[in-house]
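Notes follow the structure.
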Amino acid sequence: MMKTATASQEKNGRRDIGRMLKEHKSRLYIIRRCVVMLLCHRD
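Per numbering that gives the first Met the number 0, residue 0 is the first one in the sequence shown, and the count goes up by one each step.
Shown next, in the form of structure tokens:
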């Protein structure tokens, strides 16, 4: 019984990590785009 619960928890954990990584990557992309725009408009 504990084994199946642990397995499902691991699957959920991996899914959460994947979602967090996706959000982090998109956030970094947006920040990078903003920085590039600011630098370009400064000139």
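Virtual Cβ for every residue (Gly too), placed ideally from N, Cα, C.
Pairwise C-alpha distance: residue j and residue i
{"i": "Lys24", "j": "Lys10", "result": "21 angstroms"}
{"i": "Cys33", "j": "Cys39", "result": "10 angstroms"}
{"i": "Arg26", "j": "Gly12", "result": "21 angstroms"}
{"i": "Asp15", "j": "Lys21", "result": "10 angstroms"}
{"i": "Tyr28", "j": "Gly17", "result": "16 angstroms"}
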